[in-house]
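Residue numbers (my numbering), protein chains in the order written: chain A, 779 to 885; chain B, 6 to 120.
Ideal placement from N, C-alpha and C gives every residue a C-beta, glycine not left out.
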């Protein structure tokens with residue numbers, strides 16, 4: 779089992795819809811969690827940190843479920859510009875990267 | 006805007022040649038990471054430096070890869086000799102905290118093709 783697993787997708791979603799995807803992790807001692815966004819042929823960029831209480835940034839909501847060992851990312855009112863690969867990162871004493879979930883928003 | 010700068014952006018070389026990639030981290034950042042990304046493997050950590058000291062290079066093939074930080078403004082990743090399986094995008098990233106602090110700033114990457 780991989781340390782951090784994501785559904786590779788692609789998720790094909792119509793513009794304006796809500797989409798959510800999860801990332802599971804194997805180390806229960808993991809301390810910090812993050813979502814990064816990577817556009818095609820570009821570098822990853824931090825989208826948001828994931829706090830125990832959950833957090834929201836505009837149309838994006840991140841949640842942590844420690845009991846089931848997963849984090850989630852919810853995107854509301856999706857835009858064409860949200861099309862990207864979303865990478866989750868889990869940190870214990872090091873950063874462990876998921877392979878990413880590809881999201882395609884269609885007009 | 007402060008950013009991580011990587012050179013070269015693109016490199017095509019023949020098998021057996023030496024390849025050197027350079028990275029200028031953001032001024033004031035004390036952690037530097039080298040990652041390799043392929044379609045099949047995703048992001049793989051090759052090397053990690055903190056305050057210029059190499060702390061983890063366990064992900065790096067030691068026989069052909071080497072990573073150094075000759076000073077705080079320059080990190081290098083060298084492949085000698087290069088092989089076709091080294092073809093990938095190599096990212097440098099820098100940050101301000103511990104290795105488990107997730108906010109890293111990435112360079113635009115060096116896209117390497119080894120023929």
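Check: Chain-order list of residues whose beta-carbon lies under 8 Å from that of residue 791 (chain A) (same chain, five-residue window excluded); Outcome: 797, 856, 881, 882, 883, 884
Check: Residues of the region 822-847 of chain A with Cβ closer than 8 Å to any Cβ of chain B, in chain order; Outcome: 822, 823, 824, 827
Check: As assigned by DSSP and simplified to three states, the class of residue 859 (chain A); Outcome: helix
Check: Closer than 8 Å to chain B by CB, residue 787 (chain A); Outcome: no
Check: Residue 852 (chain A) versus A:819, A:859, A:832, residue with shortest Cα-Cα distance; Outcome: A:832
Check: Interface residues of the region 40-66 of chain B facing chain C [CB-CB below 7 Å]; Outcome: Here chain C cannot be found, since the structure's protein chains are A and B.
Check: Alpha carbon of residue 115 (chain B) to alpha carbon of residue 25 (chain B), nearest angstrom; Outcome: 10 Å
Check: CB contact flag (residue 784 (chain A), residue 845 (chain A), <8 Å); Outcome: no
Check: First through last residue of the beta strand (DSSP E) which encompasses residue 34 (chain B); Outcome: No beta strand (DSSP E) holds residue 34 (chain B); DSSP gives it neither H nor E.
Check: Residue range of the unbroken beta strand (DSSP E) whose run includes residue 47 (chain B); Outcome: 47-55
Check: Near-chain B residues of the region 864-878 of chain A - C-beta to any C-beta below 8 Å; Outcome: 865, 867, 869, 870, 871, 872, 873, 875, 876, 877, 878
Check: Reference residue 800 (chain A); option with closest CA among A:865, A:874, A:870; Outcome: A:865
Check: Close Cβ partners of residue 886 (chain A) (< 8 Å) along its chain, the five nearest in sequence each way excluded; Outcome: This structure cannot settle anything about residue 886 (chain A), because the visible part of chain A is limited to 779 through 885.
Check: Below-8 Å beta-carbon distance, residue 102 (chain B) vs any chain A residue; Outcome: no
Check: Residue span of the beta strand (DSSP E) that contains residue 841 (chain A), given as start and end; Outcome: 838-843
Check: C-beta neighbour in chain A for residue 114 (chain B), strict 8 Å; Outcome: yes
Check: C-alpha gap between residue 16 (chain B) and residue 873 (chain A), whole angstroms; Outcome: 28 Å
Check: Buried/exposed call for residue 841 (chain A), threshold 16 Cβ in 10 Å; Outcome: buried
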